[in-house]
Amino acid sequence: MPLIRDVDEIKEFIKRTSEKTAVYVGCDSRQVKNYTVFVSVVVVHIDSCRGAKIFWRVDRVSRIRSLRQRLLEEVSRAVYLALEISEVVGKRPFEVHLDINPNPEHNSSVILKEAIGYVLAQGLKPVVKPHSIAAKTVADYITGKY
22 MPLIRDVDEI KEFIKRTSEK TAVYVGCDSR QVKNYTVFVS VVVVHIDSCR
72 GAKIFWRVDR VSRIRSLRQR LLEEVSRAVY LALEISEVVG KRPFEVHLDI
122 NPNPEHNSSV ILKEAIGYVL AQGLKPVVKP HSIAAKTVAD YITGKY
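Sequential numbering from 22 applies to the sequence shown in the working numbering.
If you want it as structure tokens, here you go:
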């Protein structure tokens, strides 16, 4: 999996794919000692059926103690990355995957409406658990490595 060093690399890859290719952007985080690790990912699902290429970026910041603040930061990072690549997506399926569970029994549900509203306000399509594979599966897997 290539590390995101340059967003232009992602844009060039997307340009070379067909209009059937889906693009998913997500972010997940993990608390590690005195810092918080954020992993932002772009999943380019080739022709929506032929495998995928994953681009990812890891950022470490001072520990964020508030769950609400950390989840909103995940949403913000995913939206920012999605907006950076949106100009080349064209008519391809394009979604921002949020690591938020809509079930009120889960802590992450407290920011559900805020997060969805923020993504929609940017003109993007939000997807939450259990369908948010870029955030809940791909980014989560990578955060486990840090």
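Every residue, glycine too, gets a C-beta built ideally from N, C-alpha and C.
Count the other CB atoms within 10 Å of the CB of residue i; is the residue buried (16 or more) or exposed (fewer)?
i           : result
residue 141 : exposed
residue 116 : buried
residue 127 : exposed
residue 27  : exposed
residue 83  : exposed
residue 50  : buried
residue 23  : Low local confidence applies: a pLDDT of 43 at residue 23 is under 50, so the model's placement there is unreliable, and no value is given.
residue 37  : exposed
residue 33  : exposed
Hey, out of the options, whose CA is closest to residue i's CA?
i           : options           : result
residue 166 : 59, 29, 46        : 59
residue 53  : 152, 81, 87       : 81
residue 57  : 27, 42, 79, 152   : 79
residue 86  : 55, 135, 29, 100  : 55
residue 70  : 92, 43, 95        : 43
residue 120 : 74, 97, 107, 29   : 97
residue 94  : 135, 74, 125      : 135
residue 74  : 110, 152, 109, 35 : 35
Assuming residue i contacts residue j (C-beta within less than 8 Å), just tell me the rounded distance between them.
i           : j           : result
residue 160 : residue 72  : That belief does not hold up - the Cβ atoms of residue 160 and residue 72 are roughly 18 Å apart, past 8 Å.
residue 137 : residue 62  : At roughly 19 Å, the Cβ-Cβ gap does not stay under 8 Å, so residue 137 and residue 62 are not in contact.
residue 172 : residue 150 : In the structure as shown, the chain starts at 22 and stops at 167, and residue 172 therefore has no counterpart that could be examined.
Within the 8 Å Cβ cut-off, does residue i reach chain C?
i          : result
residue 37 : Of the protein chains in the structure, only one exists, and it is not chain C.
Excluding sequence positions up to five away, which residues of its chain have a Cβ less than 7 Å from the Cβ of residue i?
i           : result
residue 155 : 45, 46, 47, 62, 64, 118
residue 39  : 68
residue 103 : 46, 117, 145
residue 139 : 96, 100
residue 153 : 47, 118, 119, 120
Please work out which residues of its chain come closer than 6 Å, Cβ to Cβ, to residue i, disregarding the five sequence neighbours upstream and downstream, and give them in chain order.
i           : result
residue 143 : 100
residue 112 : 40
Excluding the 5 residues flanking residue i on each side, which residues of the same chain have their C-beta closer than 8 Å to its C-beta?
i           : result
residue 89  : 131, 132
residue 123 : 130, 133, 149, 150
- [ ] Pick out the complete beta strand (DSSP E) segments inside the region 93–135, 3 residues or longer, and give them in chain order.
- [x] 115–118
- [ ] Kindly provide the ranges of any beta strand (DSSP E) runs that are 3 or more residues long and lie completely inside the region 26–92, ordered along the chain.
- [x] 43–53, 56–66, 73–83
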